[in-house]
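As structure tokens, the structure follows; a few thoughts come after it.
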Amino acid sequence: METGYTSRGEGLAFDDERTVLTAEGPGRYRIRVHMRIHDDEDAGQDFLLMLFPGRAKGTIRLR
Numbered sequence: 003m004e005t006g007y008t009s010r011g012e013g014l015a016f017d018d019e020r021t022v023l024t025a026e027g028p029g030r031y032r033i034r035v036h037m038r039i040h041d042d043e044d045a046g047q048d049f050l051l052m053l054f055p056g057r058a059k060g061t062i063r064l065r
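If you want this note's numbering, it's the position in the sequence shown, counting the first as 1, plus 2.
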């Protein structure tokens with residue numbers, strides 16, 4: 003999935019892991035999320051989050 007994000011200069015925080023994404027100052031960005039589900043049901047999931055400059059506001063699903 004990829005979606006638009008407008009930064010006011012602060013970081014974007016995810017409280018469950020105390021993870022903070024920071025942009026290079028105020029402006030419009032895109033956030034791309036990749037998810038991997040492990041075959042073993044106890045292994046869980048991995049996420050990769052990428053933040054990069056971009057003007058588009060909509061959300062798209064990537065395959």
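Glycine included, each C-beta is placed from N, C-alpha and C at the ideal position.
Keep in mind that this is a model prediction, so the values were computed, not measured.
In angstroms, rounded to a whole number, what distance separates the CA positions of residue i and residue j?
i: M3; j: P28; result: 22 Å
i: T8; j: F54; result: 11 Å
i: T21; j: R34; result: 15 Å
Over what stretch of residues does the beta strand (DSSP E) that includes residue i continue unbroken?
i: R34; result: 29-39
i: G6; result: 4-9
i: T24; result: Taken as a continuous stretch (DSSP letters only), T24 belongs to no beta strand (DSSP E), as it is neither H nor E.
Under 8 Å by Cβ, that's how I've got residue i and residue j pegged, so tell me the actual separation to the nearest angstrom.
i: L51; j: L23; result: 6 Å
i: H40; j: Q47; result: 7 Å
i: G11; j: R32; result: With 8 Å as the limit, G11 and R32 do not qualify as a contact, their Cβ atoms being about 17 Å apart.
Could you confirm whether any beta carbon from chain D is found closer than 8 Å to the beta carbon of residue i?
i: L51; result: Absent here is chain D; the protein component of the structure consists of one chain.
Under the DSSP definition of a beta bridge, which residues are partnered with residue i?
i: L14; result: L23
i: D48; result: R38
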